[in-house]
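A.B. asks: There's a structure below that I have some questions on.
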Amino acid sequence: MCGLVAVVDKSGQPVDPGWLQAMADVIRHRGPDDSGYWSRDGVGLAFRRLSIQDLSPCGHQPMSTGDERYTIVFNGEIYNFVELRAELQALGHQFVSHGDTEVLLKSYLQWGEACLQRLNGMWAFVIHDRHSGQVFGSRDRIGIKPLYRYQGERYLLLASEIKSILASGQLKPQANMGRVASFLLNGSLDQDCSTFFADIEQVPPGYAFSIQRGQYRQWPYWQIDTTQRANMPDAPERFAALFEDSIALQLRSDVPVGVNLSGGLDSTSILCAAARRRVANGDQSPLLAFCYMSPEFDERQYIDATLAQTGARLVPLQTSPQRIWQDFEKLLGFHDEPFHSMTAVIGYQLMQLAADNGVKVLLNGQGADEVLGGYPSYFRDYWYTLARAGQLGKAWREITAYAEAQGQAARPLFGAVLQHMLKSALMTLPAYRDGADRRWRDKLKSNHWFDPQLADACPLDRVASPPTLANILKQSVTEEPLPIYLRVEDRNSMACSIEARVPFLDHRLVEFGFSLASDWKLHGPWNKFILREAMRGRIPELVRTRGDKMGFPTSVASWLRTDLYQPARDLLQSACTELPYLRIDRVQQQLEQLRQGKGGRAADIIRVLQVLLWQRKYLA
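Following the numbering used here, the residues of the sequence shown are numbered contiguously, the last one being 620.
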């Protein structure tokens with residue numbers, strides 16, 4: 001886990017090493033252990049290293065082949081590097097290091113672009129070929145590791161974080177008003193490859209790219225296949241085997257490893273599997289489990305059951321609204337863009353806690369909800385999928401089982417599904433769809449906090465059509481919410497020089513999850529049904545059969561009424577003219593009403609505060 005910079009001068013002139021160093025220095029937090037700079041033939045590469053595999057100087061980057069034809073910078077982990085190394089050695093390749101960077105480089109030498117299909121991991125990398133002049137690179141299948149791109153008249157810049165591109169001095173930061181509008185009006189983030197900065201975008205997940213004679217070209221090498229397989233009675237056993245192997249691969253590390261624990265199904269499954277693997281490997285030392293202990297929500301019974309089974313040692317996070325506000329302001333400097341909510345600050349503080357306890361690799365449960373159907377809204381999508389396929393009887397039985405478990409009436413839920421079917425059918429008609437789009441934009445314009453013209457900059461927010469469960473899950477992985485969660489995870493961890501790993505996003509698990517029929521994901525009252533079945537006997541039954549979901553709960557409304565009222569008020573008062581499209585007096589009125597216990601919109605206020613801070617830091 002590191003940070004990279006790549007500069008291509010289209011004129012072929014040498015890239016100034018001092019310029020490369022300046023771009024790399026601003027991401028020192030991503031790699032405090034080592035740095036490197038390389039510049040030849042109109043291409044410059046820079047690197048900041050966080051040593052995880054092969055802690056020796058042999059892992060130094062940029063790394064070149066013995067004949068100096070190929071040079072690589074690489075951010076991430078190739079988890080199956082041991083197996084690839086053995087395969088490459090059998091083909092005659094020799095190695096001087098024991099890490100995954102050299103394995104990746106020689107995989108490219110051996111198989112070219114096809115090497116991407118052999119990689120299991122998370123990555124962003126750039127390789128320069130001095131003979132052909134080509135620059136080749138890629139971003140991992142899911143987009144776990146970031147890579148940003150800016151293309152000017154003379155220079156093409158690539159970097160792990162936006163701040164490196166800004167440090168180049170090649171562009172004046174300007175707001176991407178479509179992104180700003182979408183965030184303020186819809187709360188949407190990272191649903192495409194654009195950023196809050198005009199002219200800076202992400203290399204898409206699952207894409208490779210090449211730069212030849214100054215021309216940039218990109219193409220997909222992997223996409224999610226939603227084709228479902230029928231009749232898979234051994235699905236739980238197959239899922240469990242893949243999951244256990246993912247854990248085994250992601251435990252590979254030359255530095256201490258810990259686990260984020262919430263008391264939920266996902267993190268408990270990871271901790272239990274990691275504990276079993278360590279025992280099998282002869283490691284009797286307890287795993288460190290880092291957990292946010294919120295006074296508002298009691299997860300202790302689930303956490304205690306997991307600790308008793310695994311022997312893990314709990315390291316709880318204790319925080320305060322004051323500390324959260326301090327980190328809230330600081331965190332924008334690491335993210336370069338607004339983030340989704342105050343829960344991001346909790347995640348950052350957990351990373352700090354892990355770093356303070358000597359941990360450099362942290363496993364967590366990101367991705368399970370989006371791939372396996374973990375959010376409550378997915379139940380409606382599942383019922384709709386059944387009804388759309390003509391399985392009305394099965395839809396009714398599933399709704400009834402869910403309603404009984406939730407203490408609700410089944411008929412209104414079934415009626416809502418039928419209404420959803422009707423609306424979906426009507427949306428296929430151009431006249432109705434155009435009318436729906438107008439009504440949606442009119443609703444945005446009715447937000448009295450903002451100038452109505454802001455809504456005109458907001459991209460059309462339309463769900464996948466038809467909204468079947470498979471389509472919605474794919475959208476959750478590729479558009480939102482998973483991309484923003486992964487961005488937050490990367491920046492939070494890297495701010496603390498921690499490597500975050502996500503075992504549920506092993507591409508084999510993702511592919512297997514999408515190949516499963518929908519009733520392996522939602523079943524009666526159960527979400528993530530395949531995971532629950534796969535974890536029988538592997539995790540505490542109390543956790544396996546719990547039906548609620550907590551995440552990282554925060555009491556933002558309560559904080560804005562008390563501890564955070566004054567700092568929020570001060571920020572609003574000091575920013576009266578910074579955002580011309582914002583009617584700041586109305587936001588202030590809402591804050592006062594919130595303080596008096598009237599009304600809500602706490603999350604909306606936090607979004608406004610983020611944009612104000614972002615504007616002040618980057619565009620002032």
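From the three backbone atoms N, C-alpha and C, an ideal C-beta is built for every residue, glycine too.
Rounded to whole angstroms, what is the Cα-Cα separation between G152 and N231?
C.D. replies: Those two C-alpha atoms are separated by around 53 Å.
A.B. asks: What number of angstroms, rounded off, separates the C-alpha of P503 from the C-alpha of E578?
C.D. replies: Distance between the alpha carbons of P503 and E578 is about 42 Å.
A.B. asks: Determine the closest residue to R118 out of G600, Y565, H507 and L522, with distance taken between C-alpha atoms.
C.D. replies: The shortest C-alpha separation from R118 is found at H507.
A.B. asks: If contacts are defined as beta-carbon pairs under 8 Å, then S262 and C291 qualify, I think. What distance do you get, rounded to the angstrom?
C.D. replies: That pair is a contact at about 7 Å.
A.B. asks: Determine the closest residue to D451 out of E102, L171, A114 and M177, with distance taken between C-alpha atoms.
C.D. replies: Closest by alpha carbon: M177.
A.B. asks: Compare the C-alpha of A620 against each of A159, A175, L91 and R141 and name the closest.
C.D. replies: Ranking A159, A175, L91 and R141 by Cα distance to A620 puts A175 first.
A.B. asks: Quickly, what does DSSP pair I211 with across the bridge? List them, please.
C.D. replies: According to DSSP, which records beta bridges pairwise, I211 is partnered with V135 and Y216.
A.B. asks: With distances taken between CB atoms, is the gap from L242 to F512 smaller than 8 Å?
C.D. replies: Yes, these two residues count as a Cβ contact at 8 Å.
A.B. asks: For the stretch 299-349, list the alpha helix (DSSP H) runs that are entirely contained and at least 4 residues long, ordered along the chain.
C.D. replies: Entirely contained in the stretch 299-349, the alpha helix (DSSP H) runs reaching 4 residues are, in chain order, 300-310 and 321-335.
A.B. asks: Using the three-state DSSP reduction, which class does E370 fall into: helix, strand or coil?
C.D. replies: If DSSP states are grouped into helix, strand and coil, E370 belongs with the helices.
A.B. asks: Do the CB positions of V611 and L251 come within less than 8 Å of each other?
C.D. replies: Contact: no.
A.B. asks: Is the number of C-beta pairs between the stretch 373-391 and the stretch 518-535 that are closer than 8 Å three or more?
C.D. replies: Touching, per the Cβ criterion.
A.B. asks: Just to confirm before moving on: does the CB-CB distance between Q590 and I606 stay below 8 Å?
C.D. replies: Taking 8 Å as the Cβ cut-off, Q590 and I606 do not qualify as a contacting pair.
A.B. asks: Could you give the C-beta distance for I200 and Y155, rounded to a whole number, given that I count them as a contact under 8 Å?
C.D. replies: In fact, because the Cβ distance is near 13 Å, the residues do not count as touching under 8 Å.
A.B. asks: Going by alpha carbons, who is nearest to D192 out of E479, R569, S182 and D16?
C.D. replies: Checking every option, the nearest Cα to that of D192 belongs to E479.
A.B. asks: Taking T478 as part of the beta strand (DSSP E), name the residues at either end of that continuous run.
C.D. replies: Looking at the DSSP string, T478 is not in any beta strand (DSSP E); the run it does join, the alpha helix (DSSP H), is L469 to T478.
A.B. asks: Confirm, please, whether the CB-CB distance from F125 to F74 is below 8 Å.
C.D. replies: Against a cut-off of 8 Å, the Cβ pair of F125 and F74 comes out as a contact.
A.B. asks: Is the beta carbon of L288 sitting closer than 8 Å to the one on A275?
C.D. replies: Their beta carbons are not under 8 Å apart, which means L288 does not touch A275 by this criterion.
A.B. asks: Could you give the distance in angstroms between the alpha-carbon of Q13 and the alpha-carbon of V43?
C.D. replies: The alpha-carbon atoms of Q13 and V43 are separated by roughly 8 Å.
A.B. asks: Over the uninterrupted alpha helix (DSSP H) stretch that includes F514, give me the two end residues.
C.D. replies: Note, F514: alpha helix (DSSP H), H507 to S515.
A.B. asks: Nearest CA to the CA of A410: which residue from P204, R388, F379 and A389?
C.D. replies: A410 has its Cα closest to that of F379, out of P204, R388, F379 and A389.
A.B. asks: Could you name each continuous beta strand (DSSP E) segment of 3 residues or more that falls completely within the stretch 209-275, going from the start of the chain to the end?
C.D. replies: DSSP runs (the beta strand (DSSP E)) wholly in the stretch 209-275: 215-220 and 257-260.
A.B. asks: Within a Cβ cutoff of 8 Å, which residues of the same chain sit near K474, ignoring the five residues on either side of it in sequence?
C.D. replies: Correct list, in chain order: I224, T226, A464 and F514.
A.B. asks: Run the CB neighbour count on K528, radius 10 Å, all protein chains shown included, and call it buried at 16 or more, exposed below.
C.D. replies: That one is buried.
A.B. asks: Would you decide whether S56 is buried or exposed? Buried here means 16 or more other CB atoms lie within 10 Å of its CB.
C.D. replies: Result: exposed.
A.B. asks: Would T562 pass as an interface residue toward chain C - the criterion being a Cβ-Cβ separation below 8 Å?
C.D. replies: The structure shown has no chain C; it contains just one protein chain.
A.B. asks: Is the Cβ-Cβ distance between A457 and A181 less than 8 Å?
C.D. replies: A contact, by the Cβ cut-off of 8 Å.
A.B. asks: Checking 8 Å against the spacing of the C-beta atoms, do A208 and Y216 come in under that value?
C.D. replies: Contact: no.
A.B. asks: Tell me the rounded alpha-carbon separation between P25 and F196.
C.D. replies: As written in the sequence, residue 25 is Asp, which differs from the Pro given in the question. Answer to the nearest angstrom: the Cα atoms are 22 Å apart.
A.B. asks: Could you tell me if D336 is buried or exposed, where buried requires 16 or more neighbouring beta carbons within 10 angstroms of its beta carbon?
C.D. replies: Answer is buried; the Cβ neighbour count reaches 16.
A.B. asks: Give the straight-line distance between the Cα atoms of R544 and C272, rounded to the nearest whole angstrom.
C.D. replies: Approximately 12 Å between the Cα atoms of the pair.
A.B. asks: Just verifying my parser: in three-state terms, what is the DSSP assignment at Q610?
C.D. replies: Helix, per DSSP.
A.B. asks: How far does the alpha helix (DSSP H) with T65 in it reach, from first residue to last?
C.D. replies: Premise fails: T65 is in no alpha helix (DSSP H) and is neither H nor E.
A.B. asks: Please identify the residue among H448, Q615, S11 and A455 whose C-alpha is closest to the C-alpha of L214.
C.D. replies: According to the sequence as given, residue 214 is Gly; it is not Leu. Comparing Cα-Cα distances from G214 to each of H448, Q615, S11 and A455, the minimum goes to S11.
A.B. asks: Which same chain residues, not among the five before or five after Y642, have their C-beta less than 6 Å away from its C-beta?
C.D. replies: Residue numbering for the chain in the displayed model covers 1 to 620; residue 642 lies beyond these limits and cannot be assessed.
A.B. asks: Just tell me which of E541, L166 and L109 has its CA closest to the CA of A308.
C.D. replies: Looking at the Cα atoms, E541 is the closest of the given residues.
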